[in-house]
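Start counting the sequence shown at 581; every next residue gets the next number (my numbering). Here a beta-carbon is modelled for each residue, glycine too, at the ideal position from N, C-alpha and C. The structure appears below as structure tokens.
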Amino acid sequence: MRLLGILVASLVLGACSFSEWHAMHKTATAGQVGCSESELVITDYEVSEWTNTGSWKASCHGKAFICSKYGADITCNEHVGVGSTPKASAEPSSSKPTPVAQVVAPATPAQSQAEDAGDADPGCHYDTQCKGDRICRNHECVDP
581 MRLLGILVAS LVLGACSFSE WHAMHKTATA GQVGCSESEL VITDYEVSEW TNTGSWKASC
641 HGKAFICSKY GADITCNEHV GVGSTPKASA EPSSSKPTPV AQVVAPATPA QSQAEDAGDA
701 DPGCHYDTQC KGDRICRNHE CVDP
């Protein structure tokens, strides 16, 4: 019975601290994103009381923001992404798929030099483009 009392007390205290956290951070978030607290919707809380850090999503006026807290500093940046935008109101969804942004790795120096040279020939241009001990000869990777 004593264990149950401790559990209930910790849940109540946790709810109080979360409620206080929510009110304090909603005020700070509203100032960061330029919306009033009543227009702001906050979702996806990930907060650590131990490290005094956290992150959450906020939305208002059809815009979404990713916010983070480190110590006393709170920052919010507008978020333009697919499928991760919190909405303040329900909107009908379209049946068309939304295009997804593609991440492209930066070109290696060898690739950049080959593109700059205007070579349309397939194959290697430098030994570093070949695997292992192989070397590049006549745009082909060959054994030395």
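Under the three-state reduction of DSSP output, Gly-611 falls in the helix class. With a 10 Å radius around the Cβ and a threshold of 16 neighbouring Cβ atoms, His-605 comes out buried.
Taking 8 Å as the cut-off, the beta carbon of Thr-623 is found closer than this to the beta carbon of Lys-637. If you draw a 10 Å sphere on the C-beta of Thr-609, you find 16 or more other C-beta atoms in it, and that means buried. Between His-719 and Cys-704, the alpha-carbon positions lie close to 5 Å from each other. Between His-641 and the set Arg-714, Gly-634, Cys-615, Ile-715, the nearest pair of CA atoms involves Cys-615. For Thr-708 and Cys-721, the gap between their C-alpha atoms comes out near 10 Å.
In the displayed model, Lys-643 falls within a strand according to three-state DSSP. Residue environment for Lys-711: exposed (fewer than 16 other C-beta atoms within 10 angstroms of its C-beta). In terms of Cβ geometry, Asn-632 and Phe-645 do not form a close pair [threshold 8 Å]. According to DSSP, residue pairing for Trp-636 in a beta bridge involves Cys-647. Around Cys-647, the same chain offers Thr-609, Trp-636, Ala-638, Cys-656 as residues with beta carbons nearer than 6 Å, after the five sequence neighbours per side are excluded.
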